[in-house]
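First the structure, in the form of structure tokens, and then the observations on it.
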Amino acid sequence: MDYQPQLATLAGILLLACASPGPDFVAVTSHALHERRAGVFVGLGIACAVTLWAVVAILGFGLLIKEMFWLYEIIRMAGAIYLSYLGMRMLMAAFKKAPGDAEVSQVSCGSAGQAWRRGLLVGLTNPKTATFFATLFVTLLPVGAPAWVYLAVVGLVGGITALWMGLLAVFFSVGGVRSVYRRMRRPIDALMGAALVGLGLRMATSR
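Counting with UniProt numbering, you get residues 1 to 207 for the letters of the sequence shown.
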């Protein structure tokens, strides 16, 4: 059986999902405005988390999480709290006395490992990703598909997510974009922080 149409459809849906603004977009762009490396590693952390959720969905646990209300709620609330925490940090930094660019990058971004873990946590604390993949895979992939198809699906999920997040990080760290950011650091940081807090509140109140 030819599985290329299903994989092509899956790739298109993944691109649309990546392009949809959300916590991942804000996390990557807010770090990339300070430092390209930080934005890239946040994106890699998110890509790793999304890949793990895809594996969970393939193994059948995505639908299980959807049915286990208490587990879904724990993960959802953890994500809401973490997004709100990141947003509050940005808001507090925006209203402090503006430090130098080097200090901003050091305080806000930290090491590559810290940026990667930050992205991983943003991705892992969004249980909707697991249920999205579970529904998507059940709809697109026929029962009894060979192992290579599932491996290809995991590769597509990780590769497309990492590529998109990397492109976002590169775009928002180019000289022209960063020069605008330097002139308007406080309002942009405040806007990004407010967006993260808003997304955290929406995650906490959504059902």
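A virtual CB, placed ideally from N, CA and C, is assigned to each residue, including glycine.
Selected residue, minimal CA-CA separation from residue i, among the options
| i | options | result |
| --- | --- | --- |
| G193 | V26, T205, L121 and G12 | V26 |
| A195 | L167, G113 and G87 | G87 |
| I75 | F95, L44, V157 and T129 | T129 |
| R178 | G39, Y72, G198 and D2 | G39 |
| D2 | A204, A145 and S111 | A145 |
| R37 | L59, I188 and V174 | V174 |
| V197 | Q6, M92, P5 and L10 | M92 |
| V28 | Q4, R202 and A112 | A112 |
| F41 | P21, G158, R117 and G159 | R117 |
| L10 | V180, A190, R186 and G155 | G155 |
| A190 | G79, L16 and S30 | S30 |
Rounded straight-line distance, which links the Cα of residue j to that of residue i
| i | j | result |
| --- | --- | --- |
| T131 | V55 | 12 Å |
| M90 | L140 | 40 Å |
| W53 | Y82 | 18 Å |
| G12 | W164 | 13 Å |
| F172 | F137 | 32 Å |
| A94 | F133 | 36 Å |
| E35 | V122 | 18 Å |
| R183 | I58 | 46 Å |
| G159 | T51 | 9 Å |
| I188 | V157 | 30 Å |
| A147 | Q114 | 34 Å |
| W70 | G60 | 18 Å |
| V149 | T205 | 37 Å |
| R186 | V153 | 41 Å |
| G43 | L16 | 16 Å |
| D24 | L151 | 24 Å |
| L14 | T135 | 13 Å |
| A78 | G176 | 36 Å |
| V180 | A80 | 30 Å |
Contact check, residue i vs residue j, beta carbons under 9 Å
| i | j | result |
| --- | --- | --- |
| A32 | A169 | yes |
| A8 | T161 | no |
| A49 | L167 | no |
| Y72 | G200 | no |
| L120 | G22 | no |
| N126 | M203 | yes |
| Q4 | P142 | no |
Enclosing alpha helix (DSSP H) for residue i [first to last residue]
| i | result |
| --- | --- |
| D24 | P23 to A32 |
| S20 | S20 -> no alpha helix (DSSP H), and no H or E assigned at all. |
| F95 | Run containing F95: none; DSSP gives neither H nor E here. |
| D189 | R185 to T205 |
| L52 | R36 to I58 |
Can you list the alpha helix (DSSP H) stretches of 4 or more residues lying completely in the region 104–171, in chain order? Those alpha helix (DSSP H) runs which fall completely within the region 104–171 and span 4+ residues are 112–124, 128–140 and 147–171.
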